[in-house]
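Notes to accompany the following structure.
In my numbering, the protein residues as written are 57 to 194.
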C-alpha cells in the first residue's frame with residue numbers, strides 16, 4: 057500500500073504513521089492466531105514483540121504503553137492496550153476495554169505469586185488508566 061494511504065488510514069484510528077499501524081495489525085494477527093489455536097496467553101513471552109513507538113504517535117490514553125521496557129513489551133499487555141486503543145477509535149460506543157477485558161482480569165483470583173502485573177506485563181494501577189475506563193475515549 058502506498059505510504060500516503062497507510063498514513064491516512066492510521067490517522068483515522070488515532071495513530072500517527074502508517075508503518076506503526078501496520079506493525080500493530082501484524083502483531084494483533086499473531087495474537088489472534090495464538091488465541092484461535094488455543095495456546096496459552098497467561099505469562100506468555102511473545103514471539104513477535106510489539107515495537108516501541110513514540111508517545112507523540114498516539115493520543116493520551118495509550119502513551120503509557122509507549123514507555124514500556126522491552127521486557128514488558130514481550131508480554132501480552134502492550135498488545136491488549138493497542139487493541140483497546142483501536143477499538144475505542146473504531147467504535148467509540150464499544151465497552152470492551154472496561155466491560156470485557158478489565159472485568160475478566162478483575163475476576164482473576166488474588167494470589168501473590170500470580171498476577172496480571174507480574175505475569176502479563178500489566179502496569180501497576182492499569183485498571184484506573186483512562187484507556188480502560190468508560191471516560192477513556194480517545
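Backbone N, C-alpha and C fix where the C-beta goes; we use that ideal spot for every residue, glycine too.
Residue range of the alpha helix (DSSP H) that includes residue i
| i | result |
| --- | --- |
| residue 80 | 74–92 |
| residue 69 | No alpha helix (DSSP H) contains residue 69, which DSSP labels as neither H nor E. |
| residue 134 | 133–146 |
| residue 217 | In the structure as shown, the chain starts at 57 and stops at 194, and residue 217 therefore has no counterpart that could be examined. |
| residue 119 | 116–122 |
As assigned by DSSP and simplified to three states, the class of residue i
| i | result |
| --- | --- |
| residue 99 | coil |
| residue 161 | helix |
| residue 180 | coil |
| residue 167 | coil |
| residue 63 | helix |
Nearest-angstrom Cβ-Cβ length linking residue i and residue j, presumed shorter than 8 Å
| i | j | result |
| --- | --- | --- |
| residue 158 | residue 183 | 5 Å |
| residue 133 | residue 176 | 5 Å |
| residue 84 | residue 139 | 6 Å |
Proximity winner among the options, relative to residue i (alpha-carbon distances)
| i | options | result |
| --- | --- | --- |
| residue 68 | 185, 133, 123, 113 | 113 |
| residue 19 | 59, 165, 170, 103 | Outside the displayed range of the chain (57 to 194) lies residue 19, so it cannot be described from this structure. |
| residue 107 | 123, 93, 115 | 123 |
| residue 186 | 164, 129, 116 | 116 |
| residue 57 | 78, 72, 71, 167 | 78 |
| residue 155 | 105, 64, 189 | 189 |
| residue 129 | 60, 73, 174, 75 | 174 |
| residue 76 | 88, 94, 111, 89 | 111 |
Count the C-beta pairs between the region 85–100 and the region 142–156 that are closer than 8 Å, then say yes if the count reaches three, no if not. As far as the Cβ criterion goes, the region 85–100 does not touch the region 142–156, which means the pair count is below three.
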